[in-house]
Amino acid sequence: AQTIHQWPVAEIKAVGSPLSLGCTIKGKSSPNLYWYWQATGGTLQQLFYSITVGQVESVVQLNLSASRPKDDQFILSTEKLLLSHSGFYLCAWSLDEDTGQLYFGEGSKLTVL
Amino acid sequence: TQTVSQSDAHVTVFEGDSVELRCNYSYGGSIYLSWYIQHHGRGLQFLLKYYSGNPVVQGVNGFEAEFSKSDSSFHLRKASVHWSDSAVYFCAVSARGSALGRLHFGAGTQLIVIP
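Those protein sequence lines, which keep their order, are chains A and B. Under this note's numbering, residue 115 is the last one in the first sequence; the count climbs by one each step, no gaps. Under this note's numbering, residue 104 is the last one in the second sequence; the count climbs by one each step, no gaps.
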């Protein structure tokens, strides 16, 4: 069975500090991977997607970057956090880019002060 | 441009009641329609999706949804809700063959089930 693990579960960070959020998928080779951002009580906004190692496409510009250093790992990061980065970050994977069915991790809650 | 509209921000029902959560979409091409559930502070879980064929699709935990092309709708229903169904429900649409896995989510409907 496939599993998806996100870390950390929660972070409290200062404005201007760096950030790194991670996501690991086990049990599925070459998954399509996605990062979503959710404002508190809000809808979801896709940030990045990746179909293969080393290849990441940006969907929106939020002063964030993403990387896929390994087939089963997806990293979201920034060197300088903004207050607007606060929210809930969700990693997801899909069996096929065309199914419209994503499998989400449990998310990482980020609070920027 | 794809849009997904969930007209009800909140729906409150009693345990054992039936419920319908509404979703309307706007898109001109071939699409996938899906529903996800999010319990407080958790990730999203897939409930069901429609691709083609029978417009009524069955999902997990007794949920079903009906696609209507004429109404551009994909409403979610459950005949008898349980208190554990309390959560936020998101409708989503994605275009087949387009930007990879790009789901456009609605604003969500919070379902509150009173025991």
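For every residue, glycine included, the Cβ atom is placed at its ideal position computed from N, Cα and C. All values reported here derive from a predicted model rather than from experimental measurement.
> Between which two residues does the beta strand (DSSP E) harbouring Q40 (chain A) extend?
Replying inline: As a working note, residue 40 (chain A) is residue 38 in the first sequence. That run of the beta strand (DSSP E) goes 34 to 40.
>> Judging by CA-CA distance, which residue of B:F94, B:D60, B:S57, B:D(-3) is the nearest neighbour of Q48 (chain A)?
In response: The residue you call residue 48 (chain A) lines up with position 46 of the first sequence. Closest option to Q48 (chain A), Cα to Cα, is B:F94.
> What in chain B is Cβ-close to E108 (chain A), meaning under 8 Å?
Replying inline: If you number the first sequence from 1, residue 108 (chain A) lands on position 106. Within chain B, the residues near E108 (chain A) are R31, G32.
>> Can you list, in chain order, the residues of its chain with a C-beta nearer than 7 Å to that of S75 (chain B)? Leave out the 5 residues immediately preceding and following it.
In response: Position 86 of the second sequence, counted from the first residue, corresponds to residue 75 (chain B). Within the same chain, S75 (chain B) has close Cβ partners L100, I101, V102.
>> Against chain A, which members of the stretch 37 to 50 of chain B pass a CB distance test of less than 7 Å?
In response: K38
> From L64 (chain A) to Y38 (chain A), what does the alpha carbon distance come to, in whole angstroms?
Replying inline: Here residue 64 (chain A) is taken as the residue at index 62 of the first sequence, counted from 1. Here residue 38 (chain A) is taken as the residue at index 36 of the first sequence, counted from 1. Approximately 12 Å, taken between the alpha carbons.
> How is the beta strand (DSSP E) around C25 (chain A) delimited, first residue to last?
Replying inline: By 1-based counting over the first sequence, the position of residue 25 (chain A) is 23. Where C25 (chain A) is concerned, the enclosing beta strand (DSSP E) stretches over 21 to 28.
> Can you list the residues of chain B that Y91 (chain A) reaches, using a CB-CB cut of under 8 Å?
Replying inline: Your numbering for residue 91 (chain A) matches position 89 in the first sequence. Those within 8 Å of Y91 (chain A) in chain B number zero; the least Cβ separation is about 10 Å.
> Quick one: is S83 (chain B) near chain C, going by C-beta distance under 7 Å?
Replying inline: Although the question refers to chain C, the structure presented lacks it and instead comprises the protein chains A and B.
> Alpha carbon to alpha carbon, how far is T(-8) (chain B) from N43 (chain B)?
Replying inline: The residue you call residue -8 (chain B) lines up with position 3 of the second sequence. The residue you call residue 43 (chain B) lines up with position 54 of the second sequence. Their Cα atoms are separated by approximately 23 Å.
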